[in-house]
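Structure first, commentary second.
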């Protein structure tokens with residue numbers, strides 16, 4: 012069975028600090044996809060990244076970076092120089108190839124960036 | 017990018033009535049659509065998977081007679097909450113998987129807030 016754990020329920024940081032959101036997943040599939048989504052107060056999900064299980068390269072996009080480590084089944088997300096607009100709930104998610112790609116979400120981490 | 021719409025965005029209804037929520041893929045065909053439910057301060061929970069032209073597959077614990085799903089075309093899926101009760105008040109989100117082979121990305125709709133009085 013697939014499972015996603017986000018141990019941090021809530022995080023508060025002061026603006027301009029760096030913050031890392033943790034994600035640990037479980038799957039029996041060898042082919043799977045990992046995602047990060049942002050959900051601002053409006054509720055609409057904002058897609059941030061999709062990572063293929065065969066691609067362990069870390070990725071950087073502006074102030075965002077992701078660290079994918081298959082050895083520890085982790086897919087952590089770091090925001091550098093956080094801004095107030097980064098305040099939102101962030102979800103890590105997993106999709107297995109053998110489950111018709113349905114996306115299973117972690118519990119989410121609520122990030123508050125304080126000015 | 018691909019766009020998925022939901023209608024209505026917000027609905028308030030009386031207890032006992034039925035509510036229909038539409039999910040449309042606007043610029044692509046979707047063989048598979050998914051319905052999620054999100055209670056306040058909780059994560060998104062998958063309710064069901066619907067494939068065009070066939071019956072939906074419901075997740076454990078989801079009442080298929082209460083949450084009717086129809087996926088009659090490659091661009092439209094509907095979720096009907098029958099005889100809604102206050103505990104059905106939630107945020108309902110759909111997602112659509114493009115028909116193009118090997119394109120695994122799903123696209124999420126903006127969600128529908130349901131309040132049952």
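Protein chains in written order, with this note's numbering: chain L, 12 to 126; chain Z, 17 to 133. The C-beta atom is built at its ideal place from N, Cα and C for all residues, glycine as well.
Think of a sphere of 7 Å around the beta carbon of residue 86 of chain L: no beta carbon from chain Z falls inside it, the nearest being about 16 Å out. The beta carbon of residue 59 of chain L sits closer than 7 Å to the beta carbons of 47, 48, 49 and 75 from its chain, once the five residues preceding and following it are set aside; these are given in chain order. Per DSSP, residue 45 of chain Z lies in no beta strand (DSSP E) segment and is marked neither H nor E. Here DSSP, grouped into helix, strand and coil, assigns residue 96 of chain L to helix. Burial is judged here by how many other beta carbons sit within 10 angstroms of a residue's own beta carbon; residue 81 of chain L has fewer than 16 and is exposed. Nearest Cα to residue 35 of chain L within the set L/92, L/56 and L/120: L/120. Between residue 87 of chain L and residue 31 of chain L, the beta carbon gap of about 6 Å places them in contact (Cβ cut-off 8 Å).
Interface flag for residue 39 of chain L against chain Z is unset, since no Cβ pair is found closer than 8 Å. The Cβ of residue 114 of chain L sits closer than 8 Å to at least one Cβ of chain Z. At a C-beta separation below 9 Å, residue 122 of chain L has no neighbours in chain Z, since its nearest C-beta there lies roughly 14 Å away. For residue 93 of chain Z, the closest C-alpha among the options Z/26, Z/42, Z/116 and Z/57 is that of Z/42. Contact annotation for residue 126 of chain Z against chain L: 55 [CB-CB distance below 7 Å, chain order]. Assignment of beta strand (DSSP E) within the region 71-102 of chain Z, counting only whole runs of 3 or more residues, yields 83-89 and 92-97 in chain order. For the region 45-78 of chain Z, the set of residues with a beta-carbon nearer than 7 Å to any beta-carbon of chain L comprises 48, 50, 59, 60, 62 and 65, in chain order. Judged by pairs of C-beta atoms under 8 Å, the region 66-82 of chain Z touches the region 94-111 of chain Z, as three or more such pairs exist.
For residue 118 of chain L, the chain Z residues whose Cβ falls inside 9 Å of its Cβ are 58 and 59, in order along the chain.
DSSP places residue 20 of chain L outside both helix and strand once states are collapsed to three, so it counts as coil. The beta carbon of residue 93 of chain Z sits no closer than 8 Å to any beta carbon of chain L. Sequence-distant Cβ neighbours of residue 67 of chain Z in its own chain, meaning closer than 7 Å and more than five residues away, are 47, 48 and 87.
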